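Numbering (our numbering), first residue to last: 20 to 417. For reference, the structure discussed in these notes is given below.
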């Protein structure tokens, strides 16, 4: 069962007026567990941050541009992206680290598994496949389809060995699959499986190969390498509920023989604890052997069969307190994630279609390419696969 949520107001009072303007990383810093990696395509995660959030690359000429917040601490300037990408398609080529540690995420290289792109790299995400709104302003998330992944194998400041860390991410609770593995967090520096306990990441999905929770999923779990865990038991942990929220706040944190998983609705309420206690009852997880690389959308060995959507997330130095995390959740709720712009703009009906492969490779999209969606003006057929509906804005050749 979910534990009783800890209300965030105590920490909010301690921070006083600072909390009003604080971003998640300001809150973590105030709790003495500063961010060592801060990634978001939707908004700035520090109140004073004005730098680049992410880079997009357009298809027609391979030109790139950085997308920044509209103001210090504000939402991403999606209008700048829309203008730059007008008449063509764009991919997210870099997700910048806002923490100052230069832990940027780029196209994941091959490892234990190869990706579908040139040289065995993973695909980059479409820059327009995951539109959402923050306080009524359109922004874009990172839509991870199978074959897509980001990584940094030379991260600095991240936890190694049994060092303490915290991780949170805001995710799409309706976009997932059972593939391995939609992760965000700490992984191997070699892009290969180096053994139990060499990872500590958030996992989201309904993979049932290693661990499961109650119901049919999806679940928030931790990928600790060679296992997805949501408690001390290897396998099923009935206290881990299936998630039903559209926007999900997921938290995994760990220190010496202590770790926790939390979850919450990113649009309302506070966090609840799914598990807090000792490390799993299996060899290799106490002590941990974290290596400090950072992954998004893939497993530690570059397993790239998963699906999910990422909006924002951070990794910290140190084991954050419950009070700190509840204040971060309050900040996320205040950002007002939604799927509509508060009644502004127009609504276009989407038709779910599945198109059989056909046509020539010159006129159809290749494997993992986009083949449909609201506003899409490119090919609507696939040269060697099937055009599969993902959401109203994105269909993909799979």
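Using N, Cα and C, we set each Cβ at its ideal position, and we do this for glycine too. Remember, predicted model here, so these are calculated numbers, not experimental data.
Exposure label - residue i; buried when at least 16 CB within 10 Å
i           : result
residue 403 : exposed
residue 105 : exposed
residue 306 : exposed
residue 308 : buried
residue 51  : exposed
residue 364 : The predicted position of residue 364 is uncertain, since its pLDDT is 27 and thus under 50; a value taken from the coordinates is nonetheless stated next. With fewer than 16 Cβ atoms within 10 Å of its Cβ, residue 364 is classed as exposed.
residue 61  : buried
residue 382 : exposed
residue 185 : buried
residue 146 : buried
residue 167 : buried
residue 241 : buried
residue 235 : exposed
residue 137 : exposed
residue 358 : exposed
residue 302 : exposed
Assumed close pair residue i, residue j - CB separation to whole angstroms, cut-off 8 Å
i           : j           : result
residue 165 : residue 323 : 7 Å
residue 123 : residue 111 : Going by Cβ atoms, the distance from residue 123 to residue 111 rounds to 12 Å, so no, they are not a contact pair.
residue 336 : residue 55  : 5 Å
residue 243 : residue 304 : 6 Å
residue 215 : residue 245 : 5 Å
Residue from the options whose Cα sits closest to the Cα of residue i
i           : options               : result
residue 194 : 138, 57, 44 and 326   : 326
residue 427 : 276, 303, 284 and 308 : Because the chain is modelled from 20 through 417, residue 427 falls outside the range shown and cannot be assessed.
residue 190 : 351, 331, 337 and 340 : 331
residue 294 : 286, 334, 67 and 250  : 250
residue 212 : 129, 116, 63 and 346  : 129
residue 14  : 217, 343, 97 and 125  : There is simply no residue 14 to check, as the chain begins at 20 and stops at 417 in what is shown.
residue 300 : 223, 248, 347 and 346 : 248
residue 120 : 401, 58, 198 and 384  : 58
residue 319 : 292, 127, 390 and 95  : 127
residue 272 : 358, 316, 201 and 178 : 178
residue 109 : 280, 75 and 222       : 75
residue 153 : 139, 81 and 360       : 360
residue 134 : 53, 401 and 169       : 169
residue 338 : 239, 103 and 280      : 280
residue 81  : 333, 103 and 64       : 103
residue 199 : 350, 225 and 344      : 225
residue 291 : 274, 302 and 259      : 259
residue 41  : 343, 406 and 390      : 343
residue 132 : 321, 401 and 219      : 321
residue 163 : 329, 44 and 333       : 329
residue 408 : 390, 77 and 274       : 390
residue 48  : 333, 83 and 223       : 333
residue 107 : 78, 401 and 223       : 78
Residue i, DSSP secondary structure in three states
i           : result
residue 344 : helix
residue 25  : Since pLDDT at residue 25 reaches only 39, below the 50 mark, its modelled position is unreliable, and no value is offered.
residue 80  : coil
residue 103 : helix
residue 98  : helix
residue 115 : coil
residue 371 : Caution applies to residue 371, whose pLDDT of 27 falls short of 50 and renders its modelled position unreliable; the value that the coordinates give is listed next. DSSP places residue 371 in coil when its eight states are reduced to three.
residue 15  : Outside the modelled stretch of the chain, which goes from 20 to 417, sits residue 15, for which no answer is possible.
residue 150 : strand
residue 313 : strand
residue 47  : helix
residue 56  : strand
residue 350 : helix
residue 332 : strand
residue 230 : coil
residue 206 : strand
residue 139 : helix
residue 240 : strand
residue 259 : coil
residue 130 : coil
residue 182 : coil
residue 166 : coil
residue 73  : strand
residue 177 : coil
residue 365 : Low confidence applies to residue 365: its pLDDT is 26, below 50, so where it sits in the model is not reliable enough to give any reading.
residue 278 : strand
residue 397 : coil
residue 124 : strand
residue 110 : strand
residue 376 : Its pLDDT being 28, under 50, residue 376 is placed unreliably in this model, and the value from its coordinates should be taken loosely. Three-state result, residue 376: coil.
residue 157 : strand
residue 188 : strand
Heavy atom of the ligand NAD within 6 Å of residue i beta-carbon
i           : result
residue 105 : This structure does not include the ligand NAD; it has no bound ligands of any sort.
CB contact below 7 Å: residue i versus chain C
i           : result
residue 267 : The structure shown has no chain C; it contains just one protein chain.
Does the pairing of the region 309–316 with the region 202–210 give three or more beta-carbon distances under 8 Å?
Enough Cβ pairs lie closer than 8 Å, so yes.
Spell out a yes or no on whether the region 66–73 and the region 89–103 are touching, meaning 3 or more CB-CB pairs, one atom from each, closer than 8 Å.
Touching, per the Cβ criterion.
Inspect the CB distances between the region 255–266 and the region 158–176 and report whether three or more fall short of 8 Å.
Taking a cut-off of 8 Å on C-beta distances, the region 255–266 does not touch the region 158–176, as fewer than three cross pairs fall below it.
Is there contact between the region 226–235 and the region 245–262, where contact requires at least three CB pairs shorter than 8 Å?
They touch, by the three-pair rule.
Give a yes or no on contact between the region 342–360 and the region 280–295, applying the rule of three or more CB pairs nearer than 8 Å.
At 8 Å Cβ cutoff, the stretches touch.
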